[in-house]
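J.:
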Amino acid sequence: MSFSSDWLALREPADHAARDAELLAGAVAVARRAAGDAPPVIVDLGCGTGATVRALAGALPEAHWRLVDADAALLAEAARRTGGTPHRLDLRTLEALPLEGAHLVTASALLDLMPRDWVAALAARLRAAGVGFYAALSYDGWMDWTPVLPLDAAVTAAFNTHQRGDKGLGAALGPDAGQIAAQVFAEHGFDVRTADSPWQLTPSEGALHAELVAGIAAAAAETGLEAAQDWGAARRTFATARIGHLDLLALP
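First residue of the sequence shown: 795, per our numbering; consecutive thereafter.
Structural data, given as structure tokens:
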């Protein structure tokens, strides 16, 4: 379960623009309050190239980041670009997370790849550690395209089915991730807030649009939707799009 640095670079500006400002500010406040007079220590799960660090860096320039990822190349790039401390870990091994002295745990575009049992285990681990959790940009299953094409609904449904497949740790939550994670963390005693964080794609994101459409079409085709590639070809002409995501902030 890994992504190319090229794809992560393409999506980062859209991710940054989409993050809900109030929940991001809430996460910053949580880290500062928990740290007191000391610099906050933040653990970023599935760090990729460090996009979460860059999203919070302006508000938390003094923070110490512990970067967690299984991909050695992405982890090295994240450490180089952010100055954070790398921890190469398989996310199955939640007991190995470097949580000692941590004030906040973060993740971006991660929960939709994970099964419910993993989210429940993470909630239990963070509850025991007394650490809050800020998880941004979980895909929520909604795609709105302008202009509308006849195959949009079928492709979205097929893509959502594909997203619920096994991404390496069991059947993923896919488009249900944000809502289920909110429920699970609440069941573990967290105070949970959520907010929409959709991508709003315009012609300025042409390269991202092209890669996104190709990926959606390929995933939908893998579910058996024979017309998926025809949809992808029709969608190569740029449209505006709203791709739904959900942000979450959970406080123990």
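By construction, the Cβ of each residue, glycine as well, lies at the ideal position given by its N, Cα and C atoms.
With a 10 Å radius around its C-beta and 16 neighbouring C-beta atoms as the bar for buried, classify Gly844 as buried or exposed.
T.: Answer is buried; the Cβ neighbour count reaches 16.
J.: Please report the distance separating the alpha-carbon of Gly878 from that of Ala1021.
T.: Their Cα atoms are separated by approximately 45 Å.
J.: If you draw a straight line from the C-alpha of Thr950 to the C-alpha of Gly820, how long is it?
T.: Taking the straight line joining both Cα atoms gives about 32 Å.
J.: According to DSSP, what are the bridge partners of Arg813?
T.: DSSP lists no partner for Arg813.
J.: Would you please state the rounded distance, in angstroms, between the beta carbons of Leu869 and Pro855? I believe it to be under 8 Å.
T.: Between Pro855 and Leu869 the Cβ distance is about 22 Å, and since that is not below 8 Å, they are no contact.
J.: Look at the alpha carbon of Thr921 and the alpha carbon of Thr988, and state the distance between them as a whole number of angstroms.
T.: This sequence places Arg at residue 921; Thr is not what is there. For Arg921 and Thr988, the distance between alpha carbons rounds to 18 Å.
J.: When DSSP builds the beta bridges, which residues end up paired with Trp929?
T.: In the sequence as displayed, the identity of residue 929 is Ala instead of Trp. The partner list for Ala929 (beta bridge, DSSP) reads Ala901, Leu1042.
J.: Whole angstroms is fine: what's the gap from Ala857's alpha carbon to Leu1019's?
T.: Ala857 and Leu1019: Cα-Cα distance of roughly 46 Å.
J.: Do Gly968 and Leu1040 come within 9 Å of each other at the CB atom, strictly closer than that value?
T.: It is not a contact, given that the beta carbons lie outside the stated cut-off.
J.: I'd like the list of long-range same chain contacts for Ala1028, defined as Cβ closer than 8 Å, with 5 residues on each side in sequence excluded.
T.: Contacts found: Leu943, Leu945.
J.: Throw me the rounded Cβ distance for the Ala917 and Val978 pair, which I believe falls under 8 Å.
T.: Between Val978 and Ala917 the Cβ distance is about 5 Å, and since that is below 8 Å, they are a contact.
J.: How far does the alpha helix (DSSP H) with Asp865 in it reach, from first residue to last?
T.: That residue, Asp865, is in no alpha helix (DSSP H); it is neither H nor E in DSSP.
J.: Count the other CB atoms within 10 Å of the CB of Pro834; is the residue buried (16 or more) or exposed (fewer)?
T.: Buried, by the Cβ-count rule.
J.: In three-state terms, what does DSSP make of Gly840?
T.: Three-state DSSP puts Gly840 in coil, outside helix and strand.
J.: Considering only C-alpha positions, which residue in the set Glu871, Gly895, Thr876, Trp939 is nearest to Leu1006?
T.: The shortest C-alpha separation from Leu1006 is found at Trp939.
J.: Taking all protein chains shown into account, do 16 or more other C-beta atoms lie within 10 angstroms of the C-beta of Ser932, making it buried, or fewer, making it exposed?
T.: Classification for Ser932: buried.
J.: Once DSSP output is grouped into helix, strand and coil, what is the label at Pro834?
T.: Note: Pro834 maps to coil in three-state DSSP.
J.: May I have the straight-line CA-CA distance separating Glu981 from Ala808, to the nearest angstrom?
T.: About 32 Å.
J.: Decide if Glu871 is buried, meaning its Cβ has at least 16 other Cβ atoms within 10 Å, or exposed.
T.: Glu871 comes out buried.
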